[in-house]
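Asker: Here the numbering used here is used: the first residue of the sequence shown is 225, the next is one more, and so on. The beta-carbon is built from N, C-alpha and C at its ideal position, and this holds for glycine as well. Below: one structure in structure tokens.
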Amino acid sequence: MRIGGAGACHSDLHLMRDFEGGLLPWGPPFTLGHENAGWVHALGEGVTGVEAGQPVAVYGPWGCGHCGRCRVGMETYCEDPAQAPVPMGGGGLGIDGGMAEFMLVPSARHLVPLPKGLDPAAAAPLTDAGLTPYHAVRRSLPKLLPGTTAVVIGVGGLGHLGIQVLEATTAARVVAVDVRSEARALAAELGADLVVEPGPDAAAEIRGFTGGRGADVVLDFVGSDTTLALAAAVGRFLGDLTIVGIAGGSLPVSFFSVPYEVSIQSTYWGSRPELVEVLDLGARGLLRPKITTFPLDQAPDAYAALEAGKLEGRAVVVPRSA
Ligand code: NAD
Ligand code: ZN
Ligand code: ZN
225 MRIGGAGACH
235 SDLHLMRDFE
245 GGLLPWGPPF
255 TLGHENAGWV
265 HALGEGVTGV
275 EAGQPVAVYG
285 PWGCGHCGRC
295 RVGMETYCED
305 PAQAPVPMGG
315 GGLGIDGGMA
325 EFMLVPSARH
335 LVPLPKGLDP
345 AAAAPLTDAG
355 LTPYHAVRRS
365 LPKLLPGTTA
375 VVIGVGGLGH
385 LGIQVLEATT
395 AARVVAVDVR
405 SEARALAAEL
415 GADLVVEPGP
425 DAAAEIRGFT
435 GGRGADVVLD
445 FVGSDTTLAL
455 AAAVGRFLGD
465 LTIVGIAGGS
475 LPVSFFSVPY
485 EVSIQSTYWG
495 SRPELVEVLD
505 LGARGLLRPK
515 ITTFPLDQAP
525 DAYAALEAGK
535 LEGRAVVVPR
545 SA
């Protein structure tokens, strides 16, 4: 495919800096960029179902295509990873991705047609920064009835879309937490009902907002020791605490350390059917990634800005040919 945009994800910073201890079954060198959209450029022999020039988004996790999980479009949890193009990865994760003018996609099943009205550069972040929070929220939908509260910790690429997913698909009140004032301002602009600066009073402020009950669903898009402790401190009995961020923190779990009957889970990316749903929300204007574009030859600047906390929403790297 010809790339129209490739999002710069914080996971790439973790890959470049933190993951040296064999946490993943692969390592560099490969081309980064696992949030991709663009146009079909040319078809390999025997490929059907898409045509040259068609705008598409890439479903990023690439499994074997044959196991039970892959058959239902949940290639994140492929059960025959030895038969995948790369185990537990996809384009930009262990094998060349979309920070390039062109990208090789090994099967047409990884391409989802872009609905009308979605420009590839704006759509690219939906494939991960949109899909990942969507999957996490969807897992907790039964707990997000009217009268409930959801907390979003970390309003960056994922979190700013997480707020929009909650607003578009649930009736929960939304509380947003971020260390950066620009990110808190963005959260308020996106409709968060309460915006909180982390600190010694944050948990009491959030609990007070819920009438003392606590938050039904807490989505931690940071995943450090301090954010996980905050997540546990504000949770409601019977709620969900979902770890999405991979900052490497941990949370002690024991009878008294977390609210009673809270379900604690991690989530990884999302499924292909969920990506179709996310793109529909995008096309209807219910999910609007806030993007800053960088030309391909300035991709390192996108990561530098991400690392320095200077971005609002998502950086998208766009080739000059797009
Ligand atoms: P980002 O850098 O765009 O956003 C992170 C946000 O968290 C920033 O706004 C930052 O100011 C804020 N933050 C940092 N420390 C904080 C703290 N202590 N309290 C409150 N806010 C704080 O990153 P991103 O691309 O949105 O990714 C977020 C995390 O999710 C990363 O760890 C990334 O690797 C991970 N991730 C996980 C999955 C998955 O499938 N589980 C998918 C994509 C990304
Ligand atoms: Zn990512
Ligand atoms: Zn599989």
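With DSSP collapsed to three states, give me the class of Ser487.
Answerer: strand
Asker: I need the boundaries of the alpha helix (DSSP H) containing Asp236, first residue and last residue.
Answerer: His234 to Arg241
Asker: In the DSSP assignment, what are the bridge partners of Arg226?
Answerer: Trp263 and Phe326
Asker: Answer yes or no: does any C-beta atom of chain D fall closer than 8 Å to that of Ile377?
Answerer: You won't find chain D in this structure, because it holds only one protein chain.
Asker: Report yes if the CB atom of Glu391 is closer than 8 Å to the CB atom of Val398, and no otherwise.
Answerer: Val398 is positioned such that its CB atom lies closer than 8 Å to that of Glu391.
Asker: Indicate whether the contact test is met: 3 or more Cβ pairs, each with one atom in the segment 457–476 and one in the segment 419–439, closer than 8 Å.
Answerer: yes
Asker: Please write down, chain order preserved, every residue whose beta carbon lies under 5 Å from a heavy atom of ligand 2.
Answerer: Cβ-based neighbours of ligand 2 within the cut-off: Cys233, Ser235 and Asp352.
Asker: Using 10 angstroms around the beta-carbon of Met323, count the other beta-carbons present and answer buried if the total reaches 16, otherwise exposed.
Answerer: buried
Asker: Can you determine whether any heavy atom of ligand 3 sits closer than 7 Å to the C-beta of Arg293, and answer yes or no?
Answerer: yes
Asker: Excluding sequence positions up to five away, which residues of its chain have a Cβ less than 7 Å from the Cβ of Ile227?
Answerer: Asn260, Gly262, Gly322, Ala324, Glu325, Phe326, Met327, Pro543 and Ala546
Asker: I need the DSSP call for Thr372, collapsed to helix, strand or coil.
Answerer: coil
Asker: Closer than 7 Å: is that where the CB of Gly371 sits relative to any heavy atom of ligand 3?
Answerer: Every heavy atom of ligand 3 is 7 Å or more from the Cβ of Gly371, so no.
Asker: Going by DSSP in three states, Phe461 sits in which element: helix, strand or coil?
Answerer: Strand.
Asker: With distances taken between CB atoms, is the gap from Leu256 to Gly313 smaller than 8 Å?
Answerer: no
Asker: Looking at the unbroken beta strand (DSSP E) that takes in Val442, where does it start and where does it end?
Answerer: First-last of the beta strand (DSSP E) with Val442: Ala439 to Asp444.
Asker: So, using beta-carbon positions, are Val502 and Gly354 closer together than 8 Å?
Answerer: Yes, they are a contact pair.
Asker: To the nearest angstrom, how far is the alpha carbon of Trp250 from that of Leu239?
Answerer: 10 Å
Asker: Could you tell me the alpha carbon to alpha carbon distance between Leu338 and Phe479, rounded to whole angstroms?
Answerer: Going by the C-alpha atoms only, they are around 47 Å apart.
Asker: Quick check on the DSSP output: the beta strand (DSSP E) that includes Phe518 runs from which residue to which?
Answerer: Ile515 to Pro519 is the span of the beta strand (DSSP E), which, as asked, contains Phe518.
Asker: Tell me whether Gly314 counts as near ligand 3, meaning its Cβ is closer than 7 Å to at least one heavy atom of that ligand.
Answerer: no
Asker: According to the neighbour-count rule (16 or more other Cβ atoms, all chains shown, within 10 Å of its Cβ), is Pro309 buried or exposed?
Answerer: buried
Asker: Leaving out five residues on either side along the sequence, give the residues of the same chain with a beta carbon under 6 Å from the beta carbon of Leu510.
Answerer: Ala392
Asker: Closer than 7 Å to a non-hydrogen atom of ligand 4 - does that hold for the CB of Asp320?
Answerer: Inclusion of ligand 4 in the displayed structure is not the case, the ligand content consisting of ligand 1, ligand 2 and ligand 3 alone.
Asker: What are the boundary residues of the beta strand (DSSP E) that includes Arg565?
Answerer: Nothing in the structure corresponds to residue 565, since the chain is present only between 225 and 546.
Asker: Out of Gly380, Arg293 and Pro524, which has the shortest C-alpha to C-alpha gap to Leu443?
Answerer: Scanning Gly380, Arg293 and Pro524 for the CA closest to the CA of Leu443 turns up Gly380.
Asker: Tell me the DSSP secondary structure of Pro524 in three-state form.
Answerer: helix
Asker: Assuming Leu503 is part of the alpha helix (DSSP H), what are its boundary residues?
Answerer: Arg496 to Ala507
Asker: Identify the residues that DSSP records as bridge partners of Ala281: which are they?
Answerer: Ala261 and Val336
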